[in-house]
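The next block holds one structure in the form of structure tokens; read it before the comments.
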Amino acid sequence: MPNVRYAFFISDRTGITAENLGDALLEQFAEMQFKRTTCPFIDTPEKAHKLVAEINTVAEKQPHPPILFMSVVNEEIREILKTSKGVLLNFFDTFLAVLEQELGMHASHEVVSRVHNVEKYDERMEAVNFALNHDDGVSDKDLQQADVILLGVSRSGKTPTCLYLALQYGIRAANYPLTPEDLDSTELPRMVKPYRHKLYGLTIKPDRLHDIRQERRPDSTYADLKTCRAEVLEAQAMFRRYNIPYTNTTHQSVEELAVSIMQACKLKRKF
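Going by full-length UniProt numbering, the sequence shown opens with residue 1, and the numbers climb by one from there.
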């Protein structure tokens, strides 16, 4: 395989941070192919030595050394990993020294306590359960506990955005699908009317909505482009009528949508 480099994402926790930061850097080199390996929970010297052996095996078989993106708190484990034959990019070494100098104190070099992690997990799972229990307007029970209620036509991106808000930020996000009956009315849907201050609208380009609905119900009235155009226009008219903030989901990732909603609704991360 030409122009291929091996990349390892190494962490003493889940590896998500190392992956995200590493991928953001690697994406700047589009002409190069990378064979990625994530190595989570490297949290003992034994695991670190074993990983060094694996990295060295790869290094000996390739013309170029593997690139190592490391997010490891424990200094002893970091020192072991530094003995490998890879090119090491250590996020903690890069940023901790600068922070220590600026703050005038030494970092603890301790992994976040399990108690804190359990609390984060509980917050996240409660938010996910809330999103699932209030998906597609299935229930108005405890709807007053919602941090935000997403409003939009069917297949405009409400459910994945709610779940991402729950998983990433601990936000209790409900969503309600605007039906043709809702759009024919000049009033807000009964279920969400008491929570107008929590509403946030999602819209989408009609042709994109048509494509998505075609995959679900091919050649149906539901998927017809004319239907999609009418629903999108009526939904946007409702948002404007009631001064509901909204955004277009067509060219936004779920991550970008979530950040837009957090900012527009002045929501704060729960953990």
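By construction, the Cβ of each residue, glycine as well, lies at the ideal position given by its N, Cα and C atoms.
Here the structure is a predicted model, which is why all the values come from computation and not from measurement.
- request: Give the DSSP-derived three-state secondary structure of residue 125 in the structure shown.
  value: If DSSP states are grouped into helix, strand and coil, residue 125 belongs with the helices.
message: Checking the sheet assignment: what are the DSSP bridge partners for residue 11?
response: DSSP lists 71 as the bridge partner or partners of residue 11.
query: Which of the three DSSP states, helix, strand or coil, is assigned to residue 222?
result: In this structure, residue 222 counts as coil in the three-state DSSP scheme.
query: Are there 16 or more other CB atoms within 10 angstroms of the CB of residue 182, so buried, or fewer, so exposed?
result: Here residue 182 is buried, its C-beta having at least 16 other C-beta atoms within 10 Å.
message: For a quick check, are the C-beta atoms of residue 264 and residue 200 less than 9 Å apart?
response: Cβ distance < 9 Å, so residue 264 and residue 200 count as in contact.
message: Classify residue 80: buried if its beta carbon has 16 or more other beta carbons within 10 angstroms, exposed otherwise.
response: Residue 80 comes out buried.
query: When DSSP labels each residue in this structure, what does residue 77 get in the three-state scheme?
result: The answer is helix: DSSP assigns residue 77 an H, G or I state.
task: Could you check which residue in 86, 69, 84 has the C-alpha nearest to that of residue 93?
output: Out of 86, 69, 84, the CA that lies nearest to the CA of residue 93 is found in 69.
message: Output needed for residue 17: all residues of its chain with C-beta closer than 6 Å, excluding positions within five of it in sequence on either side, in chain order.
response: Cβ within range, chain order: 71.
- request: Report yes if the CB atom of residue 124 is closer than 9 Å to the CB atom of residue 170, and no otherwise.
  value: Yes, Cβ-Cβ distance for residue 124 and residue 170 is below 9 Å.
- request: Express the C-alpha separation of residue 248 and residue 157 in angstroms, rounding to a whole number.
  value: Computed Cα separation, rounded: 10 Å.
task: Return helix, strand or coil for residue 192, following the three-state DSSP convention.
output: Correct three-state label for residue 192: coil.
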